[in-house]
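K.L.:
When you line the sequence shown up against this note's numbering, it's residues 13 to 400, in that order. This is the structure I have questions about; it appears just below.
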Amino acid sequence: MADEKLVIRNIGLMLSGRIEAPILDADCLIAEGGRIAAWGKEADLDTEGATTVIDARGVTLAPGLIDSHVHPVVGDYTPRQQQLHWIDSTLHGGVTTMISAGEVHMPGRPNDPIGTVAMAIAAQRWYDNLRPSGVKVHAGAPLLQQGLEEEHFRQMAEGGVKLIGEVGLGTVKDGKTANRMIGWARKYGMQSTIHTGGPSIPGSGLIDADMVLETGTDVVGHINGGHSALPDDQIVCLCENCKAALEIVHNGNERAALLTLNTARELGKLDQLILGTDGPAGSGVQPLGILRMVAMLSALGNVPAEIAFCFATGNTARRRDLDVGLIEKGFAADFVLMDQAQHAPGKTLLESVGLGNLPGIGMTVIDGKVTSQRSRNTPPATRLPELV
Ligand SMILES: [Zn+2]
């Protein structure tokens, strides 16, 4: 509703999502009509007329986390692991936005051109019409299939499809054909990603650095493999040569994740790093996957925790052209409120995450509405925000 006003006060620490300035000098945030309106010191803000007040009680507020790589199928059910409510579980891990890398686990998935077009539009619609537990799922990410023509990409774009799923998981297996199709997708405003690394499950194949470079997608999907990573020299080559987003996933090789991080840092390309889970996958669903990546990269990759959070918020938002993931006027009021987990070492939340510990989540907010309170999945937070 346009006249709804949310005030979040007593915020102990506010993270911006911006890698160039990750911490804001603010203890209060105001959203109007589900959009960020203002933030700063409470005394300087107009908090009158609030319809909802959250007392953060000193905890940290960050933009809601973004999972750049998921494989949804329909609603809050995945046939991959026969699991219900995996999206709700992931919301309890702080994720408020998910981006499909292809609805690959759909039983009986069509691989012919017209079937591919139909399913892409349908998948975009059913997640646009229904947000599981409030989570924004950007879906309708078709695979590149033999026989797709420019006309099909035009039809899909007109039908609302904005994504291309992992190149290599469809019947197009060569860089030349993939590059031609990605060109059509880009012409019609669609973003693309690619499966990087060895085969993930029986039926998928190897995509090496040459194919990634030849195809030229907007995202180098799971540069650390999903799960088998490319040899080190190929990962370094991709970091050196790609202007695309470099995506690290939970369902990948952790050593390759650290190699990517260290190489990107040496090249001054930390702004290209984004995070995903790749769930549901053979390794299961990963409700805390994004938090675990933030903590792992911070602790083992020596990245300040406030920067690691940017990999899962502002970096992804900028690369994906989303109106979430950053504390910015007019952006969606999607937040995660979290605190140091009970009995976790470290003097502050950031120090504790930097030591490899997960934070405890106390609340999520999407479009200015509270979507979950104390997480049932994270370790318990020391302090909890409160709906006043
Ligand atoms: Zn993959």
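Where is the CB? At the ideal position from N, CA and C, for every residue including glycine.
1. Name the one or two DSSP bridge partners that MET375 has.
2. Assuming ALA268 and GLY233 are in contact, meaning their beta carbons sit under 8 Å apart, how far apart are those beta carbons, in whole angstroms?
3. Is ALA113 near ligand 1, in the sense that its beta carbon is under 8 Å from a heavy atom of that ligand?
4. According to DSSP, is ARG267 part of a helix, a strand, or is it coil?
5. Please tell me whether LEU175 and HIS207 are closer than 9 Å, where the distance is taken between their beta carbons.
6. With a CB to CB cut of under 7 Å and the five nearest residues on each side skipped, what residues in its chain are close to ILE133?
7. Could you give the distance in angstroms between the alpha-carbon of ASP115 and the alpha-carbon of MET202?
8. Kindly indicate which three-state DSSP category MET6 falls into: helix, strand or coil?
9. Are the Cβ atoms of LEU279 and GLU259 separated by less than 9 Å?
10. SER212: beta carbon under 8 Å from a heavy atom of ligand 1?
11. Hey, would you say the C-beta of SER295 is under 8 Å away from at least one heavy atom of ligand 1?
12. Rounded to a whole number of angstroms, what is the C-alpha to C-alpha distance between ASP351 and VAL82?
13. Given VAL315, which residues of its chain have a CB within under 6 Å of its CB, disregarding the five upstream and five downstream residues?
14. Is any heavy atom in ligand 1 found nearer than 8 Å to the beta carbon of GLU178?
15. Thinking just about the alpha-carbon of each residue, which of VAL19, ARG30, GLU16 is nearest to the one in CYS322?
16. Would you call the region 69 to 83 and the region 347 to 367 touching, i.e. three or more CB-CB distances under 8 Å?
17. Exposed or buried, which one is ILE373 when buried takes at least 16 other CB atoms within 10 Å?
18. Between the Cα of GLY326 and those of ALA317, GLU318, LEU338, spot the shortest distance and give me the residue it belongs to.
19. With a threshold of 16 other CB atoms inside 10 Å of the CB of ASP186, please say whether the residue is buried or exposed.
20. Out of curiosity, what's the CA-to-CA distance linking PRO214 and ALA43?
21. From what residue to what residue does the beta strand (DSSP E) around CYS40 run?
22. Just to confirm, is the Cβ distance from GLY46 to ASP379 under 9 Å?
23. What do you reckon, are the CB atoms on GLY264 and HIS239 nearer than 9 Å?
24. Between the Cα of LEU370 and those of GLY291, ILE235, ALA38, VAL306, spot the shortest distance and give me the residue it belongs to.
25. Let me check you understand the geometry: is the CB of HIS104 closer than 8 Å to at least one non-hydrogen atom of ligand 1?
26. Between ARG69 and ARG395, how many whole angstroms is the CB-CB distance? I'm expecting something under 8 Å.
27. In this structure, does DSSP put GLY52 in helix, strand or coil?
28. What whole-angstrom Cβ distance do THR59 and VAL19 have, given they're in contact under 8 Å?
29. In the DSSP assignment, find the beta strand (DSSP E) that holds ALA311 and state where it starts and stops.
30. State buried or exposed for LEU242, treating a residue as buried only when at least 16 other CB atoms are found within 10 Å of its CB.
31. Mind checking whether the beta-carbon of HIS234 lies closer than 8 Å to any heavy atom of ligand 3?
P.N.:
In terms of the structure at hand:
1. LEU349
2. Actually they do not touch by this definition, with Cβ atoms about 13 Å apart.
3. yes
4. helix
5. no
6. GLY152, MET168, GLY171, GLY172, VAL173
7. According to the sequence shown, residue 115 is Glu rather than Asp. Roughly 16 Å separates the two Cα atoms.
8. The structure shown does not extend to residue 6, since the chain is modelled only from 13 to 400, so the question has no answer here.
9. no
10. yes
11. no
12. 26 Å
13. LEU309
14. yes
15. ARG30
16. yes
17. buried
18. LEU338
19. exposed
20. 47 Å
21. 40 to 44
22. yes
23. yes
24. VAL306
25. no
26. 5 Å
27. strand
28. 5 Å
29. No beta strand (DSSP E) holds ALA311; the alpha helix (DSSP H) holding it covers 301 to 313.
30. buried
31. Ligand 3 is not part of this structure, which contains only ligand 1.
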